[in-house]
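In the numbering used here, the protein residues as written are 42 to 463. Below is one structure, written out as structure tokens; the observations come after it.
Structure follows, in structure tokens:
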């Protein structure tokens, strides 16, 4: 049975409890110790598989990924309605809130493994993933959006659309550069400015997208991870000045923000007030809920948003299934769709798909064996394959533009050939 999402107070109490448990554990027989016998099938009973999530439900800036939890719940509910995974129901505990705090992210991972004894963590959605090493050490299959380096390389950690921040030897997804080139009528002779938060994710984003846009034929006139990650700036004038003079003293043809919604609203508003008429793009602001406020709608009007999944406007039958599943998980309400729901849904979908392939005798070993030969096609994120996805992205995506208060597909969903990452 699916359990209701815990309240923040309950989560805080649980974290306090697990801290006490951690201090009392002093030997290799403690709960969740790597390599112990019961850990190979931890969280698995004759009729259930226990799964939990880690999601930034709250943050200092007010930004929230809480609907990631609803998306995961929706996919697990459908799996259970269809008879479960090889006869076992998914016992989804809901998501722990890490508040975008590295210490809380690690504490949430420890709690799920050592106290709740989950078989898998899916979804994991945050800009911080300090619990990654712990989950890898404990051999916990973990699924999320592969926008952090921790999704690229470890054996037990999977991005639902592959590895988006690869190490040298991997590949880069070219959806964003190729999509923007399509909107601009080509990349040759065009310049782009890329800006990100001063965080690990931001720095890796700058490194990858700088290479991606250059490979597509753009001149990258500005590429900095300079915006504070902890708080949204009240004055964007210094950033705007640098960007607008970056292209040999002129404005670039496009400004790409690798940041979250509050930062994007501030930056784009400041750029528009400065008179900037070029293309604006980000990977975050595909959320009908943002259109409820006139100020937000105005700030994001005209912005092209990168998607790494089928747009909600798609007529694909799998998108119709996703919408029906979300409605069921929301108790029959028409919940406004957003990309966080898709993140949770597809994280859960990849876990369920591999678990089904693992067969009735579900252990970590049988799961990993199934993952090593897993592939499918035509999903909401394109074709998938493991373990290829732990090194490369699945290479598909689209762009949508907010225009006159509604989203329109500006570049249809397509799979692009990835490029080697250097």
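Quick reminder that beta carbons are idealized off the backbone N, C-alpha and C, glycines included. The structure displayed is predicted, hence computed values, not measured ones.
DSSP on residue i, reduced to helix/strand/coil?
i	result
residue 445	coil
residue 255	helix
residue 300	coil
residue 159	coil
residue 463	coil
residue 417	strand
residue 169	coil
residue 83	coil
residue 427	coil
residue 456	strand
residue 250	helix
residue 292	coil
residue 197	coil
Are there 16 or more other CB atoms within 10 angstroms of the CB of residue i, so buried, or fewer, so exposed?
i	result
residue 445	exposed
residue 325	buried
residue 103	exposed
residue 190	buried
residue 106	buried
residue 458	exposed
residue 87	exposed
residue 218	buried
residue 449	exposed
Can you tell which of the options has its C-alpha closest to the C-alpha of residue i?
i	options	result
residue 236	224, 222 and 254	254
residue 112	382, 437, 403 and 413	382
residue 204	425, 440, 337 and 441	425
residue 231	293, 251, 242 and 214	293
residue 265	276, 256, 224 and 298	298
residue 421	176, 364, 183 and 197	364
residue 186	196, 167 and 171	167
residue 435	452, 200, 300 and 380	200
residue 84	278, 403, 96 and 241	403
residue 362	343, 386, 461 and 344	386
residue 392	182, 150 and 129	182
For the putative contact between residue i and residue j, defined by C-beta atoms under 8 Å, what is the C-beta separation to the nearest angstrom?
i	j	result
residue 397	residue 127	6 Å
residue 285	residue 327	Actually they do not touch by this definition, with Cβ atoms about 26 Å apart.
Can you grab the Cα-Cα spacing for the pair residue i / residue j, in whole Å?
i	j	result
residue 117	residue 390	8 Å
residue 262	residue 180	43 Å
residue 99	residue 322	24 Å
residue 101	residue 148	18 Å
residue 176	residue 163	12 Å
residue 378	residue 353	8 Å
Report whether the distance from the Cβ of residue i to the nearest heavy atom of the ligand MN is below 7 Å.
i	result
residue 427	In terms of ligand content, the structure shown is empty, and the ligand MN therefore cannot be addressed.
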